[in-house]
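Sequence positions in the sequence shown follow full-length UniProt numbering and run 1 to 175.
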Amino acid sequence: HDFRRDYSQLGQLRINYPDINITLLTATATLRVQQDILQQLHITRNYKLYTQSFNRSNLIYECIQKANSDLTLSQISNLIKINYQNQSGIIYCFSRAECDRAAQYLLASNIHALSYHAGLNDSLRQTIHMKWINDECQVICATVAFGMGIDKSNVRFIIHFSMPQSIEVESNFSI
Numbered sequence: 001h002d003f004r005r006d007y008s009q010l011g012q013l014r015i016n017y018p019d020i021n022i023t024l025l026t027a028t029a030t031l032r033v034q035q036d037i038l039q040q041l042h043i044t045r046n047y048k049l050y051t052q053s054f055n056r057s058n059l060i061y062e063c064i065q066k067a068n069s070d071l072t073l074s075q076i077s078n079l080i081k082i083n084y085q086n087q088s089g090i091i092y093c094f095s096r097a098e099c100d101r102a103a104q105y106l107l108a109s110n111i112h113a114l115s116y117h118a119g120l121n122d123s124l125r126q127t128i129h130m131k132w133i134n135d136e137c138q139v140i141c142a143t144v145a146f147g148m149g150i151d152k153s154n155v156r157f158i159i160h161f162s163m164p165q166s167i168e169v170e171s172n173f174s175i
């Protein structure tokens with residue numbers, strides 16, 4: 001599994017301190033990924049594994065066929081205005097260009113949206129992230145890389161403008 005470098009170094013803790021307790025939490029991981037995590041962190045005995053279904057009763061999943069980008073953005077804009085006025089949300093996009101286009105469309109529709117992706121410098125990404133966290137921006141249009149480590153309690157909608165690469169990726173961002 002492709003760990004962030006710092007996480008992969010946690011295995012050294014297990015080697016140096018074999019008798020300490022370790023708690024590992026993840027939003028989702030396939031069986032293969034679970035086994036890989038255990039192996040990389042040198043956890044081979046006396047562990048308990050708890051899992052939960054992807055099917056969470058507090059979430060609503062809906063797939064809508066995408067006719068064309070303009071119509072889809074219009075539908076998203078209307079959905080936000082009608083159902084999520086002044087509520088925080090994320091729109092996941094496949095590319096940087098798609099992030100920029102979605103944010104520009106929403107701004108033109110009087111929805112405060114900002115684009116967030118790797119093409120922006122670190123300082124600007126941090127500024128955008130903090131504006132969204134502090135409710136100075138309603139919607140963030142981002143690539144899936146944005147999903148790592150988000151802690152915002154009032155996210156009320158997540159929209160994938162393009163299909164996610166897998167259900168595993170998508171369920172990481174079910175808030």
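Glycine is no exception: its CB is placed at the ideal position from the N, C-alpha and C atoms.
- With respect to the 8 Å criterion, S88 and D100 are not classified as neighbours on the basis of their beta carbons.
- In the three-state reduction of the DSSP assignment, R56 falls in the coil class.
- Exclusion of the five residues before and after C137 leaves H112, L114, K131 as the residues of its chain whose Cβ lies within less than 6 Å of its Cβ.
- For Q12, the closest C-alpha among the options I43, T30, S153 is that of I43.
- DSSP places H129 in the helix class (H, G or I) of the three-state scheme.
- Rounded to whole angstroms, the gap between the alpha carbons of L49 and V144 is 27 Å.
- Rounded to the nearest whole angstrom, the CA to CA distance from V33 to D19 is 24 Å.
- Under the three-state reduction of DSSP output, R96 falls in the helix class.
- For S77, the uninterrupted alpha helix (DSSP H) run begins and ends at 69-83, by DSSP.
- Less than 8 Å separates the beta-carbon of Y92 from that of F161.
- Rounded to whole angstroms, the Cβ separation of L106 and S69 is 13 Å, and the two are not in contact under 8 Å.
- Around Q75, the same chain offers I64 as residues with beta carbons nearer than 8 Å, after the five sequence neighbours per side are excluded.
- By the 16-neighbour rule on beta-carbons within 10 angstroms, A102 is buried.
- The residue from H129, Q40, L31 with its alpha-carbon nearest to that of D6 is Q40.
- Annotation for F146: Y116 place their beta carbon closer than 6 Å to its own, counting only its chain and skipping 5 residues before and after.
- A108 sits in a helix when the DSSP states are folded into three classes.
- Straight-line spacing of the CA atoms in K81 and N154 works out to 17 Å.
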